[in-house]
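Per this note's numbering: the sequence shown = residues 69 to 424.
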Amino acid sequence: MILVTGGAGFIGANFVLDWLAATNEPVVNVDKLTYAGNLENLASLQGDTRHVFVQADIGDSTVLSALLQQHQPRAVLNFAAESHVDRSIHGPEDFIQTNVVGTFRLLEAVRAYWSGLPADAKLAFRFLHVSTDEVYGTLGATDPAFTESHNYEPNSPYSASKAASDHLVRAWHHTYGLPVLTTNCSNNYGPLHFPEKLIPLMIVNALAGKPLPIYGDGQQIRDWLYVRDHCSAIRRVLEAGRLGDTYNVGGWNEQANIDIVKTVCALLDELRPRDDGRSYAEQIRFVQDRPGHDRRYAIDARKLERELGWKPAETFETGIRKTVQWYLDHPEWVAHVQSGSYRDWVHQQYSAQEPA
Ligand code: NAD
Ligand code: TYD
Numbered sequence: 069m070i071l072v073t074g075g076a077g078f079i080g081a082n083f084v085l086d087w088l089a090a091t092n093e094p095v096v097n098v099d100k101l102t103y104a105g106n107l108e109n110l111a112s113l114q115g116d117t118r119h120v121f122v123q124a125d126i127g128d129s130t131v132l133s134a135l136l137q138q139h140q141p142r143a144v145l146n147f148a149a150e151s152h153v154d155r156s157i158h159g160p161e162d163f164i165q166t167n168v169v170g171t172f173r174l175l176e177a178v179r180a181y182w183s184g185l186p187a188d189a190k191l192a193f194r195f196l197h198v199s200t201d202e203v204y205g206t207l208g209a210t211d212p213a214f215t216e217s218h219n220y221e222p223n224s225p226y227s228a229s230k231a232a233s234d235h236l237v238r239a240w241h242h243t244y245g246l247p248v249l250t251t252n253c254s255n256n257y258g259p260l261h262f263p264e265k266l267i268p269l270m271i272v273n274a275l276a277g278k279p280l281p282i283y284g285d286g287q288q289i290r291d292w293l294y295v296r297d298h299c300s301a302i303r304r305v306l307e308a309g310r311l312g313d314t315y316n317v318g319g320w321n322e323q324a325n326i327d328i329v330k331t332v333c334a335l336l337d338e339l340r341p342r343d344d345g346r347s348y349a350e351q352i353r354f355v356q357d358r359p360g361h362d363r364r365y366a367i368d369a370r371k372l373e374r375e376l377g378w379k380p381a382e383t384f385e386t387g388i389r390k391t392v393q394w395y396l397d398h399p400e401w402v403a404h405v406q407s408g409s410y411r412d413w414v415h416q417q418y419s420a421q422e423p424a
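Below is the structure:
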């Protein structure tokens, strides 16, 4: 079996669902259930004995060590993290605790477990760390896309904490020989995405008749990948990645934020037209920019394609249509995640925003 951390969040839950659809190998899913963790994401696995859920913090060495001994996984995949840049600006402490200290404690628990495995199991074992392209910093308009050898130049508390965790993973390989793999992926979108991030926030705000807040001039560029394509890349790296290597994962789909939001509006205009017949784009509002806002991310994913034969299955057109449709089909999921703490966050982040 495999052990996944953070498997009740956006990417982790998509990964667990995909994994159990594609293989019969059981999953132990360790998640602290922060505001971003949601067991409703895994509701379709109720009664499925291949999925064992444990509520725990990756920083809890005692629990992690006991779980590793009990379940004897052949791999540990680390999705658990604090993941939202804006929250990291308001309160970096949780990011240091989970992304840095938590990853360190997890690495130590895994190292102790791996050291005690019989020779065959030790050789086959893998620790896969899920990271982000944001560790590389920001690009100018004409710079080439990030390759795996790009310098680490993180600019936000979030990306700095992820960069620190990547360095720890690297060091545990070089120093202790732990068999690690790291993936650095671009922005994901798709079903189960928490509506604090750009695309799901725009969908739920549009449908609720609320403003669509674009930071700054809306010309910041991100490279968007459908979440299930990220999951297939992780499966492929786990299966065939070279030990100690990092793999960039991306969608070859660079777009400015304003264009993403206009595409979402156009799809909603088609699939769920406003009662007054006007476009959702009329709800767009430019607001104050994010401090230290990275201008452009772009991923060069050629290594993953060349060495492991991975390519995304979705284009942005097919992926974003599926995504908007998923939110239209799941109003109860949206209503449930918009709990008290979500409302508090939206109030804190957006009510004080001056128009740009
Ligand atoms: P998310 O915020 O939706 O989910 C994170 C999950 O981790 C939640 O279920 C949460 O409860 C859990 N968690 C948080 N702290 C924990 C702790 N201390 N112990 C155990 N569980 C804890 O995040 P996501 O978007 O699914 O991202 C998953 C991973 O992928 C993260 O490591 C993130 O850095 C990385 N990543 C995300 C993106 C993206 O676009 N979302 C892109 C590239 C990489
Ligand atoms: P986000 O989804 O938070 O991902 P990240 O910051 O990790 O790339 O934001 C994506 C882009 O959208 C980023 O450039 C910030 C911008 N953005 C807005 O313009 N308005 C918003 O309300 C949010 C949440 C993000």
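Backbone N, C-alpha and C define an ideal beta-carbon position, used for all residues, glycine too. Note that the structure is a prediction, hence the values are computed from the model and not measured.
### Message
Using C-beta distances below 6 angstroms, list every residue in its chain close to L311, excluding the 5 sequence neighbours before and after it, in chain order.
### Response
Excluding sequence neighbours, L311 sits near P247.
### Task
For N464, name the three-state secondary structure that DSSP assigns.
No statement about residue 464 is possible, as the shown extent of the chain runs from 69 to 424 and does not include it.
### Message
Suppose you measure from the CA of D162 to the CA of S156; what does that come to, to the nearest Å?
### Response
Within the model, the alpha-carbon separation for D162 versus S156 is close to 8 angstroms.
### S17 versus I267 - alpha carbon distance
This structure does not reach residue 17, given that the chain is present from 69 up to 424, and the question cannot be answered.
### Query
Hey, F214 and N316 are a contact pair by Cβ (cut 8 angstroms); roughly how many whole angstroms apart?
Sure, about 6 angstroms apart at Cβ, within 8 angstroms.
### Message
I want to check one thing, is the minimum distance from the CB of Q288 to the heavy atoms of the ligand TYD below 8 angstroms?
### Response
Yes; taking the cut-off as 8 angstroms, the Cβ of Q288 has a heavy atom of the ligand TYD nearer than that.
### Query
Regarding H361 and the ligand TYD, is the C-beta to nearest heavy atom distance less than 8 angstroms?
Checking every heavy atom of the ligand TYD against the Cβ of H361, one is found closer than 8 angstroms.
### Spatial distance of D357 from G284 (CA atoms)
If you take the alpha carbons of D357 and G284, they lie about 4 angstroms apart.
### Task
Let me know if K230 comes out buried or exposed under the rule of 16 or more other beta-carbons within 10 Å of its beta-carbon.
That one is buried.
### Query
Would a C-beta distance cut-off of 9 angstroms place V414 and E216 closer than the cut-off?
For V414 and E216, no; Cβs fall outside 9 angstroms.
### Query
E307: buried (16+ other C-beta within 10 angstroms of its C-beta) or exposed?
With fewer than 16 other Cβ atoms within 10 Å, it is exposed.
### For V402, the nearest candidate out of L260, A232, N256, T166 (CA to CA)
Across the set L260, A232, N256, T166, the C-alpha of L260 shows the shortest separation from the C-alpha of V402.
### Closest residue to A104 among E150, I271, S112 (Cα-Cα distance)
Ranking E150, I271, S112 by Cα distance to A104 puts E150 first.
### Task
Answer yes if the region 191-205 comes into contact with the region 224-240, meaning at least three C-beta pairs across the two stretches below 8 angstroms, and no otherwise.
With a cut-off of 8 angstroms, the region 191-205 and the region 224-240 count as touching, because enough Cβ pairs lie within range.
#### Entry: Unbroken stretches of the alpha helix (DSSP H), 4 residues or longer, contained in the region 179-237
The alpha helix (DSSP H) runs lying completely inside the region 179-237 and spanning 4 residues or more are 187-192, given in chain order.
### Task
Compare the C-alpha of T243 against each of L71, S112, E176, K100 and name the closest.
Among L71, S112, E176, K100, the Cα nearest to that of T243 belongs to E176.
### Message
Considering just the uninterrupted stretch of the alpha helix (DSSP H) at P399, what are its terminal residues?
### Response
Run containing P399: 399-405, per the alpha helix (DSSP H) assignment.
### Own chain, CB closer than 6 angstroms to S227, minus 5 neighbours either side, in chain order
Taken in chain order, the residues that qualify are E202, V203.
### Task
Out of S409, S300, G377, state which residue places its alpha-carbon closest to the alpha-carbon of A90.
Sorting S409, S300, G377 by C-alpha distance to the C-alpha of A90 places S300 at the top.
### Task
Could you check which residue in T73, L191, R290, T314 has the C-alpha nearest to that of H218?
Proximity to H218 across T73, L191, R290, T314 peaks at T314, based on C-alpha coordinates.
### Task
Consider the C-beta atom of I126 and the heavy atoms of the ligand NAD; say whether any pair is separated by less than 8 angstroms.
Yes, Cβ of I126 sits closer than 8 angstroms to a heavy atom of the ligand NAD.
#### Entry: Short Cβ contact (9 angstroms threshold) for S233 with N167
Taking 9 angstroms as the Cβ cut-off, S233 and N167 qualify as a contacting pair.
#### Entry: Segment limits, alpha helix (DSSP H) that includes F121
Counting along the chain, F121 falls outside any alpha helix (DSSP H), though it belongs to the beta strand (DSSP E) covering 119-123.
### Message
Between E108 and the ligand TYD, is there a pair consisting of the residue's CB and a ligand heavy atom that are separated by less than 8 angstroms?
### Response
Result no, Cβ not under 8 angstroms from the ligand TYD.
### Query
Does the region 363-376 come close enough to the region 328-345 to have 3 or more Cβ pairs within less than 8 angstroms?
Between the region 363-376 and the region 328-345 there are fewer than three inter-stretch CB-CB distances shorter than 8 angstroms, so the stretches are not counted as touching.
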